[in-house]
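For the protein sequence lines, the chains are Z and G, in the order given.
Sequential numbering from 6 applies to the first sequence in the numbering used here.
Sequential numbering from 6 applies to the second sequence in the numbering used here.
There are 2 protein chains.
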Amino acid sequence: MAQTQSTRSCRAHLINIGDELLEGVRPNGHLVWLGEQLARKGIRLQQASIVRDELAPMVEEIRQAWAGCDLVITTGGLGPTTDDLTREAVAQALGLPLVPDPEAEVALRQRFAKIGRQVSDLDLRQCRVPQGALSLPNPRGTSPGILLERDGKVLAMLPGPGLELQPLFAEQVVPRLRACGSACDGDAYVQVRTYGIGAAPLEAKIRPLLLPGMQLTFGTHSGVVDARISPGSSGACRDRMMEVARKVRDEVGDDFVCTGHACLASLAVERLAKLGRTLAVAESCTGGLLASRLTDIPGASAAVAGSIVSYTEDAKMTLLGIPADLLAQHGAVSAEVAAAMATAAAEKFGADYGLAVTGWAGPGGGTPDDPVGTVYLGYASSSGVWSRRIVVAGDRAQVKIRAVNAALDWLRRNLSRYAVEDAVHGA
Amino acid sequence: MAQTQSTRSCRAHLINIGDELLEGVRPNGHLVWLGEQLARKGIRLQQASIVRDELAPMVEEIRQAWAGCDLVITTGGLGPTTDDLTREAVAQALGLPLVPDPEAEVALRQRFAKIGRQVSDLDLRQCRVPQGALSLPNPRGTSPGILLERDGKVLAMLPGPGLELQPLFAEQVVPRLRACGSACDGDAYVQVRTYGIGAAPLEAKIRPLLLPGMQLTFGTHSGVVDARISPGSSGACRDRMMEVARKVRDEVGDDFVCTGHACLASLAVERLAKLGRTLAVAESCTGGLLASRLTDIPGASAAVAGSIVSYTEDAKMTLLGIPADLLAQHGAVSAEVAAAMATAAAEKFGADYGLAVTGWAGPGGGTPDDPVGTVYLGYASSSGVWSRRIVVAGDRAQVKIRAVNAALDWLRRNLSRYAVEDAVHGA
């Protein structure tokens, strides 16, 4: 049985290094990814800091993090150029000299020989480690990671590019954290993912099911509400937490999405593939985002035929064959048009199911009855055609994301609700 | 003339408060948005910290930030519940008592009366401020922001929701920073956005054009390379920087995208609207993301007719009328099919231009000649039909984003290159 609690409680501090992260050039993907990984391993990320490529503030931040936490992770600043200062900063903060790592140098020389490149003195900077630290081979890049264990604490320096950082952390850092009892073997919590119920009513349903001492936390994102159940002081094993999750599932009913971290789009693709059925999409206000989310999932082509993004009334008539009269009488944002779009999508693509979205994403548009944020969903299967009106909050970008989540959730409900009928009608 | 340099150099520290930001539930959008805003105002964001909803670490972080910087911004933790602790933390860190703000209380009571809600003692917690601080009215939410000026420094506490934070910062905090000489009136730098040239060759082109003392920094994101030119010690005014930017434009040629922050999608929509022309899209590997990016732009419906996401070979034949023989001979990922898709998109939607993307996004697929990451773009106009092969790096998600950027950039080039021919042929 997987160990659900680490043998000692571990507090982490993440330090992301790089000027670009502080200038709004791009989001800090490392924090999202590492934040989830650490939480799943039962490690509490106590704080995250983003600092510039400057030695003095880096040294200061590393020193404080090292004093206050059991695990310090740095990202970036390991490259060959003179503004890559993470090694120097760690060495100074911990009062250790930087020494060459012969193994890392051999690996670098082999890598460069293979691509016919000369090794310069600058390149060799990447092969130095603080004394007593270990190079972590990085087959996807030139800069190895570095791991330092000292005074019962761990410091992991990871390369900046995500494609190098993620496998290096999962394959080389996590096993060491597990070995020293800081990370648990399996997931530290059982997550129940829901859609359609608020965090407060969900909490009211879950609380009575918990064993004394069990902990409950919530995460919400664009309509999805996640409840994470962890052992806390109860000492419960994973099986006991799964037992609670099963009871939660019964209590929550249709609003239960899954146990774990699967997203609505991957669940839809998986379910369709299992049924051996295909889906076609017609989109107006979401403008392609619904199809994009579905096709983010590897292997989507087995389940998703495609989408018609009919962004104009003309396109709705020409591409989907929506009658001009229907558009004139009910408007492009209406239950009637959503149903017609879903039916047309399924027909045009020869798919088993059709899913449609039409609404007012804003900032312009809307009517007194259907203000900005109003969205109609359409669903077509061999059992029938339905439409549904929802209202979502937020700006244009958020309306798109929430409308897509609502559509994917409705697809999920319909696929389970009408599975039998669809089979009878031979959808 | 807009003032391009703040009268005194200002260093900022951003503190984002919230457990969810540390558990990978969602990205920290505040850092991206505020990071760009501060950079544009000439304020140097020195560090960003993300801390949990716990009093002691919040107090410690605020104390350090206040000691080391001229401007401290906090986000979140201003609500009515007992785990909203930002006010308490700031008061403790700065050694100030919390006092009720009568104006904020009046505003809250009016707001609640309007929606027929009782004001509880918990609600009134939101109307307290550290002594000497100012409530910043928040018409979009119940928690006002707070601004504290003291010892020549500024501390701004902003509410957590982005739709409340952003206007509050722009409308109430920035004017005060400008008044005390910490923020400049216009943008602090001139940004030259490029696509198709690397940061190193771009730097080689720009360096000789700079006046002595001018500063140059770079930002890269999914193929886009931004060069930011700021006055540095040159004391140059905005006009002189724009002069440099114009010279950079001449040097860079077709790789020049724009001066400023406009994204590739908004430039495409704007350009099409100006020409009075429409675009239709056909997508395979990008799965709807190209259409979604275009329709992120308010008013896109004037320029973007829609998209056909033909994710399967069947869909390419049925929806776009791509001949089965063409698919069989050249494969769905080929220059020939990309050209046919672009032509079909324009025809089916009755649009002036067609833009198509087909490629291998991975992780599966690819051929020895066209491995994962290979993408063919197609472009159709009244002047002709072209296709182009590109190779992009990254995982499935990154290939999608980079292929979309490449398609939008190619559209931009084609629209300027063939503007005359298109007009002659009456596209």
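For each residue, glycine too, the CB sits at the ideal point set by N, CA and C.
(Q) I'd like to know if S388(Z) contacts chain G, where contact means its C-beta is closer than 8 Å to some C-beta of that chain. (A) no
Q) When DSSP labels each residue in this structure, what does S392(G) get in the three-state scheme? A) strand
Q. Per DSSP, what kind of secondary structure is N33(Z) in: helix, strand or coil?
A. coil
Q | Euclidean distance between Cα positions of D374(Z) and G383(Z) | A | 19 Å
Q.
Using a Cβ-Cβ distance cut-off of 8 Å, determine whether A432(G) contacts chain Z.
A. The predicted position of A432(G) is uncertain, since its pLDDT is 46 and thus under 50; a value taken from the coordinates is nonetheless stated next. Not an interface residue.
Q. At a Cβ threshold of 8 Å, is G146(Z) touching chain G?
A. no
Q: Measure from the C-beta of Y316(Z) to each C-beta in chain G and report whether the shortest distance is under 8 Å.
A: yes
Q.
Any C-beta of chain G within less than 7 Å: which residues of the region 347-379 of chain Z qualify?
A. K353, F354, G355, P368, G369
Q) Since G40(Z) and A188(Z) are thought to touch, with beta carbons under 8 Å apart, how far apart are those beta carbons, to the nearest angstrom? A) So it is not a contact: roughly 14 Å between Cβ atoms.
**Q.** Bridge partners - P135(Z), DSSP secondary structure assignment
**A.** L103(Z)
Q. According to the Cβ coordinates, are R243(Z) and G191(Z) closer than 8 Å?
A. yes
Q.
Going by DSSP, what residue range makes up the alpha helix (DSSP H) through V2(G)?
A. Because residue 2(G) is not part of the residues shown, which for chain G are 6 to 432, the question remains open.
Q.
What residue range does the beta strand (DSSP E) around H335(Z) cover?
A. First-last for H335(Z): 329-335, but that is the alpha helix (DSSP H), not the beta strand (DSSP E).
Q: Would you mind working out which of I120(G), E28(G), H35(G), G265(G) sits nearest R31(Z), comparing C-alpha positions?
A: H35(G)
Q. Can you find a CB in chain Z that lies within less than 8 Å of the CB of P85(G)?
A. no
Q | Distance between A241(Z) and R233(Z) (C-alpha atoms, nearest Å) | A | 14 Å
Q) With C-beta atoms as the reference, is A310(Z) less than 8 Å away from L284(Z)? A) yes
(Q) I'd like to know if M6(Z) contacts chain G, where contact means its C-beta is closer than 8 Å to some C-beta of that chain. (A) Note that M6(Z) scores 41 on pLDDT, short of 50, meaning its location in the model is unreliable and no value can be drawn from it.
Q | Coil, strand or helix - G224(G) by DSSP | A | strand
Q | is_contact[A204(G), chain Z] using C-beta, thresh 8 Å | A | no
Q: Pick out whichever of L152(Z), V37(Z), I20(Z), E248(Z) has its Cα sitting closest to the Cα of P62(Z).
A: I20(Z)
Q | C-beta atoms of Q131(Z) and L113(Z) nearer than 8 Å | A | yes
Q: Return the Cβ separation of V409(G) and I395(G) in integer angstroms, given the expectation that the two are a contact with Cβ distance under 8 Å.
A: Not really, about 12 Å apart at Cβ, beyond 8 Å.
Q: Find the residues of chain Z that neighbour P62(G), judging by a C-beta separation of less than 8 Å, and give them in chain order.
A: Q51, Q52
(Q) Considering just the uninterrupted stretch of the beta strand (DSSP E) at V380(Z), what are its terminal residues? (A) 379-386
Q: Just confirm the distance between the C-beta atoms of G293(G) and T300(Z), as a whole number of angstroms; I'd bet it's less than 8 Å.
A: 7 Å
Q: Note down, in chain order, all residues in the region 23-34 of chain G with a beta-carbon under 8 Å from any beta-carbon belonging to chain Z.
A: D24, E25, L26, L27, E28, G29, V30, R31, P32, N33, G34
**Q.** Residues that DSSP places opposite R155(G) in a beta bridge
**A.** K158(G)
Q.
Any contact between the region 341-361 of chain Z and the region 386-406 of chain Z? By contact I mean 3 or more CB pairs, one from each, below 8 Å.
A. yes
**Q.** Under 9 Å from the C-beta of V56(Z): neighbouring residues of chain G
**A.** Q51, Q52, A53
Q: Could you tell me the boundaries of the beta strand (DSSP E) in which V286(G) lies?
A: 284-288
Q.
Below 7 Å on C-beta distance, what does T300(Z) contact in chain G?
A. G292, G293, Y316
Q) Is the Cβ of P303(G) closer than 8 Å to any Cβ of chain Z? A) yes
Q: Could you tell me whether the Cβ of T264(G) comes closer than 8 Å to any Cβ of chain Z?
A: no
(Q) Once DSSP output is grouped into helix, strand and coil, what is the label at T91(G)? (A) helix
Q) What separation, rounded to the nearest whole angstrom, lies between the Cα atoms of A432(G) and G304(G)? A) Any answer about A432(G) is weak, because its pLDDT of 46 lies below 50 and its placement is not dependable; what the coordinates show is given next. For A432(G) and G304(G), the distance between alpha carbons rounds to 22 Å.
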